[in-house]
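The working numbering puts the first residue of the sequence shown at -9, with every later residue one more than the last.
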Amino acid sequence: MRFPKKKGWHAKKPDSLTFRNREADLFIFGLHTEKQVKKANLLDLSQWEFYVVSTTVLDLNYPAKNKIGIRQLKSISNPIMHNQIKEAVDSIVNEI
């Protein structure tokens, strides 16, 4: 799963891109968990796990990385179901 930093514009040096930054306050990662091909249904939300992670947590744990594996993701976030995404997002937004 990718979450690269983008080059940013510096206000005092308008012709330069001098720093890298992640523009989002948070990221939502989705993982389809059904292992059996015949049962897999991408439209069935019960077959998905979601991970909501603040950019601050990503930057603290993986400051130089542009992508993350599922093991690393699970070390900084817990899986949630689709109906819990709004609550998780609201919680992070309220901390900002």
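The beta-carbon is built from N, C-alpha and C at its ideal position, and this holds for glycine as well. Note that the structure is a prediction, hence the values are computed from the model and not measured.
Residue burial classification, residue i (beta-carbon count within 10 angstroms, cutoff 16)
| i | result |
| --- | --- |
| L50 | exposed |
| R65 | Sequence inspection shows Ser at residue 65; the Arg mentioned does not correspond to that position. With fewer than 16 other Cβ atoms within 10 Å, it is exposed. |
| P58 | Reading off the sequence, residue 58 comes out as Ile, not Pro. Buried, by the Cβ-count rule. |
| A30 | exposed |
| V43 | buried |
| L63 | buried |
| L48 | buried |
Residues near residue i by beta carbon distance below 6 Å, same chain, minus five either side
| i | result |
| --- | --- |
| W88 | Since the first residue shown for the chain is -9 and the last is 86, residue 88 is missing from the structure and cannot be characterised. |
| M71 | none |
For residue i, the residue or residues it bridges with in DSSP
| i | result |
| --- | --- |
| E89 | In this structure the chain extends from -9 to 86, so residue 89 is not present and cannot be described. |
| K76 | DSSP lists no partner for K76. |
| L33 | Its beta-bridge partners do not exist; DSSP assigns none. |
From the options, residue whose alpha carbon lies closest to that of residue i
| i | options | result |
| --- | --- | --- |
| S67 | L35, A14, T45 | T45 |
Residues near residue i in its chain [Cβ-Cβ closer than 8 Å; skip 5 each side]
| i | result |
| --- | --- |
| L16 | V42, V43, S44, T45, V79, I82, V83 |
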